[in-house]
Structure formats: C-alpha cells, structure tokens
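The sequence shown begins at 3 in the working numbering and counts up by one. Positions of the beta carbon are idealized from the N, C-alpha and C atoms, including for glycine. The structure under discussion appears below in the form of structure tokens.
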Amino acid sequence: MKRKISIGLLLIIFIIVLSFYTFKYLSNTNNPNLLSNLEGTIYFIERIDGTLTLFKSDAALKNKTLLYSHKGKGKDSLGGYNDNIWGFHYDQTNKTISFIAMDNGSWSLFSLKEGEEKPTLLQKDVMEISTDYIQDQSENVSVISRKGSLYLLEDGKEKTIKKFYGIYDSKFTGYRPIGLSPDGKYLIYFSMEHATPIGAIFEGLVKDSVGNMYIMDLSTLESTKYVNAYQIQWIMD
C-alpha cells in the first residue's frame, strides 16, 4: 500500500514538474530588454513580509523606492494588527498620495506628501477611495481573457496575443489582463505559471503565492517578468 502511494506521489510530482517547464517553454517570456523601452513612473502596492506596502518606481523598474509601510501601525479592534494598505491614489498635481489603512480598529483615509515619512489622518471609517489604476481597456483598445488566452480587441477586430496551452481552470491556470500602459503600447498581465490546476494547487501548498506578473509589448507580442504588484497607477512624466 505504501509503495503504491509513493509511486502515485512521484507520478504527480513528475507531471507537475513536466507541465511547469513545458508551460515555461511555450510561454517564451524571457525578454528583459523590453523593460528599457518603458517610459513614465509607476506607483504600486506590493506584499513585503506578508504586508501590503506602497512603492514607487520608474516603469523600467530601475529605481524602486519604498514610499510608505504601515507596519506596526495598524492596530485593530481585537488587539492585533492589520498593517495592509488596501487602496491608494497618487495626485500628480499636488504630488500627494491618499491611501486606506487601519487606525485603532477603523479603516481610515490617510494622506502622504511625496518625500515625507509620516502620513496625515484625514478621515476614519473609510472603506473606498477614488483610484486611477491601469485598466484593461482604453478609448479604442481592450484586452480580454477567454479560457486562459488573451485577446486584443481593436477597431472591431479580435487578435490572439497570448495563447494558453494546458488544462484551463479559472482559479488555477491561464492568463489574466491587468491593464494597459497610458500610451496603450504595453499590457501588464498575470500568469498562473502552470499548465494544469494540480500544479498550481501543489505550489500553493508550499508557497505564499502562485504566479507572476508580466508585461507585453503589443507591437511585437514579446513579454518579460514585471513587478508583482496588487494595484498599479502608471504616470507619464
């Protein structure tokens, strides 16, 4: 009985490893030179040591800067801490960032002048904020996901820009559009990095997160890894 279990486990691991590397080969997403063509500045939330934290970087990811961490400041109503930043908006005119974080048991709105370290509490009991995150559609271009593959819709025409090869599952496999750059030349998308659901599930048991963010040049359809952000606001200088 134990031998059968061991053989079955080894077979599952073999299938997972094989599907992972096959998927990576078919994805062809190793084009780091693509980043050098990116213009503008991105503001984004990234999980660091379990906490959603606010960062800034040039779009080419050469100068990543920590803007604000709420670590140790998000005391909740139960005596614990929730130090996550859940939403933000950067005001380009005033160079000010508004964001929502926990304050003594209440989700609250804060304001932080770029370059400052200590935010100002604006209002308590706030759950929503106006944002300007990148979107998967612009005035005449949009990107959709269907059965894990990505399609570009432009001027009434549909074009496949990223084909998913594998067993599609909406939770565990496939590609998902995140948003377009302000000039519409690039697409940021998320990949679960697996050809089968079992591979994603298995990786999720041993890692905090599964998948990676990528950026694609829509003129060449080449992609490369990008920052693993939860929300992104892209500013053109």
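Q | Contacts around Ser151, its chain only, beta-carbon distance under 8 Å, and the 5 residues preceding and following it disregarded | A | Thr162, Lys164, Lys165, Phe166, Gly176, Tyr177
**Q.** Beta-ladder partner(s) of Glu156, from DSSP
**A.** By DSSP's assignment, Glu156 forms a beta bridge with Val143, Lys159.
Q: Figure out for me which residue from Tyr153, Ser193, Pro121 has the closest Cα to the Cα of Lys227.
A: Considering only alpha carbons, the answer is Ser193.
Q: Going by DSSP, name the residue or residues bridged to Gly112.
A: Correcting the residue identity first, residue 112 is Phe in this sequence and not Gly. Paired residues: Phe101, Leu123.
Q: Would you list the one or two residues that DSSP bridges to Ile44?
A: Ser59, Trp236
Q | Other residues of its chain near Ser38: CB distance less than 8 Å, five sequence neighbours each side excluded | A | Ala62
Q. Quick one: any contact between the segment 48–63 and the segment 231–239, if contact means 3 or more CB pairs under 8 Å?
A. In short, these stretches touch, since the Cβ pair count reaches three.
Q. Where does Pro179 fall in DSSP's three states?
A. Looking at Pro179 - three-state DSSP - the assignment turns out to be strand.
Q. Per DSSP, Glu224 is paired with what?
A. Asp219
Q: Under 8 Å by Cβ, that's how I've got Phe101 and Leu56 pegged, so tell me the actual separation to the nearest angstrom.
A: That belief holds up - the Cβ atoms of Phe101 and Leu56 are roughly 6 Å apart, short of 8 Å.
Q | Short Cβ contact (8 Å threshold) for Pro184 with Met238 | A | Contact flag set, yes.
Q. First and last residue of the alpha helix (DSSP H) that includes Gly82?
A. Where Gly82 is concerned, there is no enclosing alpha helix (DSSP H), given that its DSSP letter is neither H nor E.
Q.
Please report the straight-line C-alpha distance between Thr222 and Ser79, rounded to a whole angstrom.
A. 51 Å
Q. When DSSP builds the beta bridges, which residues end up paired with Ile50?
A. Its beta-bridge partners are Thr53.
Q: Alpha carbon to alpha carbon, how far is Ile169 from Ala197? Give it in angstroms, no decimals.
A: 6 Å
Q) The alpha helix (DSSP H) with Phe204 in it runs from where to where? A) Segment 199–208, the alpha helix (DSSP H) holding Phe204.
Q | Candidates Met129, Ala103, Gly81, Glu130, of which the one nearest Leu123 by Cα | A | Ala103
Q. What do you get for Leu54, buried or exposed, if any count of 16 or more other CB atoms within 10 angstroms of its CB means buried?
A. Answer is buried; the Cβ neighbour count reaches 16.
Q: Just tell me which of Lys64, Leu220, Asp85 has its CA closest to the CA of Lys73.
A: Asp85
Q. Taking just the CA atoms, how far does Asn65 sit from Lys149?
A. 36 Å
Q) For Asn230, does the three-state DSSP call read helix, strand or coil? A) In the structure shown, Asn230 falls within a coil segment according to DSSP collapsed to helix, strand and coil.
Q | Reduced DSSP category for Asp38 - H, G, I as helix; E, B as strand; rest coil | A | Note that residue 38 is Ser in the sequence shown here, rather than Asp. Looking at Ser38 - three-state DSSP - the assignment turns out to be helix.
Q | Closest residue to Phe90 among Gly201, Gly107, Ile136, Asp60 (Cα-Cα distance) | A | Ile136
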